[in-house]
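Residue numbers (my numbering): 16 to 134.
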């Protein structure tokens, strides 16, 4: 967003087993969201701000959720992307320096990134 590191965007592959892949194919990314949230909460201690919501962006299945970290004022917004053979996590850390009024703008930037990457 700006060069002050108030918000950071990251991408990583979420490695899932064959059984979870079949479940994602049959249903959606809800189970993967549960697993990634469980891992994150075990490591850091967090508060869920937005429960996982499954949707599509340009025909790609996604699941979005948000949580507050143990650091006061920091918010993490996750978009899980079903890219066919792989699942990716596009995370955005918004520090306490991001004005609360600008969070929707940051979320829009994250979604624009997801929509414009060739998965």
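We put the CB at the ideal spot given by N, CA and C, even for glycine.
Simplified DSSP assignment, three categories, for residue i
i           : result
residue 61  : coil
residue 122 : helix
residue 73  : coil
residue 53  : helix
residue 94  : strand
residue 129 : helix
residue 101 : coil
Same chain, Cβ closer than 7 Å to residue i, neighbours up to 5 away in sequence not counted
i          : result
residue 16 : Caution is warranted here: a pLDDT of 46 is assigned to residue 16, below 50, making its placement in the model unreliable, and no coordinate value can be reported.
residue 45 : 67, 69, 78
Integer-rounded CB distance, given that residue j should sit under 8 Å from residue i
i           : j           : result
residue 82  : residue 64  : 6 Å
residue 107 : residue 89  : Between residue 89 and residue 107 the Cβ distance is about 11 Å, and since that is not below 8 Å, they are no contact.
residue 54  : residue 102 : Residue 54 to residue 102, Cβ: 14 Å. No contact.
residue 80  : residue 127 : 18 Å between Cβ atoms; not a contact.
Chain-order list of residues whose beta-carbon lies under 8 Å from that of residue i (same chain, five-residue window excluded)
i           : result
residue 129 : 72, 75, 77, 94, 96, 105
For residue i: DSSP bridge partner residues
i          : result
residue 79 : 68, 94
**OP:** Give, in chain order, every unbroken run of the beta strand (DSSP E) that is at least 3 residues long and sits entirely within the segment 16-51.
**Re:** Counting whole runs of 3 or more residues, the segment 16-51 contains the beta strand (DSSP E) stretches 22-29.
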